[in-house]
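To start, the structure itself, in structure tokens.
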Amino acid sequence: MNVIFVALGVVLSSRIDKRQPQYLLWTVIILLTFAATLFFYPQDYGPHITVKIWQYFFGYPSDLREGI
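Here it is as structure tokens:
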């Protein structure tokens with residue numbers, strides 16, 4: 003999937019003449035590849051990686067802390 007995003011970025015980037023829209027395009031492509039990598043990252047055990055990241059930045063919900 004990431005290869006498709008990058009290939010699409012290369013094709014669209016070659017059609018854009020100005021630099022600023024190219025920077026915006028590649029920023030979006032990088033964010034899409036990052037999101038796809040996180041979403042499809044396999045987990046052997048425990049919660050999904052996106053849940054772990056959410057808990058790292060925003061903490062556990064209060065009702066889950068009581069059970070820990």
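Going by the working numbering, the first residue of the sequence shown is number 3, and it counts up by one from there.
In this text, a Cβ means the ideal position worked out from N, Cα and C, and glycines have one as well.
In this text the structure is predicted, and so the values were computed from the model without any measurement.
Measure the alpha-carbon distance for residue i versus residue j and round it to whole angstroms.
i	j	result
Val12	Met3	14 Å
Ile51	Phe59	12 Å
Val53	Ala37	13 Å
Leu49	Gly61	In the sequence as presented, Leu is not what sits at residue 49; that position holds Pro. In a straight line, the C-alpha of Pro49 is about 14 Å away from that of Gly61.
Asp46	Trp56	18 Å
Leu33	Lys20	21 Å
Thr35	Phe7	7 Å
Between the Cα of residue i and those of the options, spot the shortest distance and give me the residue it belongs to.
i	options	result
Val30	Ile55, Gln57, Leu10, Tyr43	Leu10
With C-beta atoms as the reference, is residue i less than 8 Å away from residue j?
i	j	result
Leu27	Leu14	yes
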